[in-house]
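Here it is as C-alpha cells:
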C-alpha cells in the first residue's frame, strides 16, 4: 500500500477518536445529528468525507445548524463539492 493509505483516517484510531470528539457540540441538536451520523457512517467515511466533516466542525454551532437544516449553503472555505456532498448526507441522517 502507499504511504498515504497508512495515514488515512480509517487506519488511525487516534484520528477516528479525534473526529468523534470534535462532533461533540454545544448545541444539543447538532450534537445529536452529528453523533447519530457518525454512529452509522464513521467506519465507511472516506478521507475526503473526513476532510469535509472536519471543515464543518470549524464552524460555529449556529452556522452549522443553518447548513444542516438547509437554511444556508456553504460559503468561502467550506464551499467545496465534497462539503456539499457530506451536507446532503447529514441532511438525511
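Numbering (our numbering), first residue to last: 2 to 94.
Cβ atoms here follow ideal geometry from the backbone N, Cα and C, with glycine treated the same way.
Check the Cα spacing between residue 79 and each of 90, 25, 15 and 59: the tightest is with 59. By the C-beta density criterion, residue 24 is buried, having at least 16 other C-beta atoms within 10 angstroms. Note that the region 28 to 43 touches the region 58 to 76; at least 3 beta-carbon pairs, one per stretch, sit closer than 8 Å. The three-state reading of DSSP puts residue 26 in coil, since its state is none of H, G, I, E or B. Taking a cut-off of 8 Å for Cβ pairs, the region 70 to 87 and the region 42 to 61 touch, as three or more such pairs fall below it.
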